[in-house]
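**Student:**
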Amino acid sequence: MAEPDPVYCSFCGKSNRETDVMLAGPVRTFICAECIRDASMQVEQKRRDDVYMRDVVRCAFCRPVPIEGESRAR
Numbered sequence: 689m690a691e692p693d694p695v696y697c698s699f700c701g702k703s704n705r706e707t708d709v710m711l712a713g714p715v716r717t718f719i720c721a722e723c724i725r726d727a728s729m730q731v732e733q734k735r736r737d738d739v740y741m742r743d744v745v746r747c748a749f750c751r752p753v754p755i756e757g758e759s760r761a762r
């Protein structure tokens with residue numbers, strides 16, 4: 689019996705023969721275990737960066753800093 693045609697990761701191009709896990713998506717799209725791991729790490733880093741940036745923005749812009757002499761100018 690002939691071996692089935694290889695499928696390829698839609699992200700990195702590796703074949704299912706080059707990786708231990710290949711997950712299928714819709715319409716013949718596939719993702720290998722390495723790309724899943726890399727994507728997961730990127731998502732976690734993005735979440736950490738977003739939390740950091742949200743905290744920095746909140747600290748810097750939540751309360752306006754009074755301008756020196758502002759009350760006298762009115």
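Residue numbering for the sequence shown is 689 to 762, as defined by this note's numbering.
Think of the CB as a built atom: it goes at the ideal place given N, C-alpha and C, for glycine as much as any other residue.
Count the other CB atoms within 10 Å of the CB of residue 723; is the residue buried (16 or more) or exposed (fewer)?
**Tutor:** buried
**Student:** Could you tell me if residue 689 is buried or exposed, where buried requires 16 or more neighbouring beta carbons within 10 angstroms of its beta carbon?
**Tutor:** Under the 10 Å beta carbon count, residue 689 is surrounded by fewer than 16 other beta carbons and is classified as exposed.
**Student:** Measuring alpha carbon to alpha carbon, tell me which of 737, 692 and 696 ends up nearest residue 715.
**Tutor:** 696
**Student:** Is the closest heavy atom of the ligand MG to the C-beta of residue 700 under 7 Å?
**Tutor:** Ligands displayed in this structure: none; no statement on the ligand MG is therefore possible.
**Student:** For residue 710, does the count of other Cβ atoms within 10 angstroms reach 16, so buried, or fall short, so exposed?
**Tutor:** By the neighbour-count rule (16 or more Cβ atoms within 10 Å), residue 710 is buried.
**Student:** Go to residue 719, then tell me how far its beta strand (DSSP E) extends in each direction, as first and last residue.
**Tutor:** Note, residue 719: beta strand (DSSP E), 718-720.
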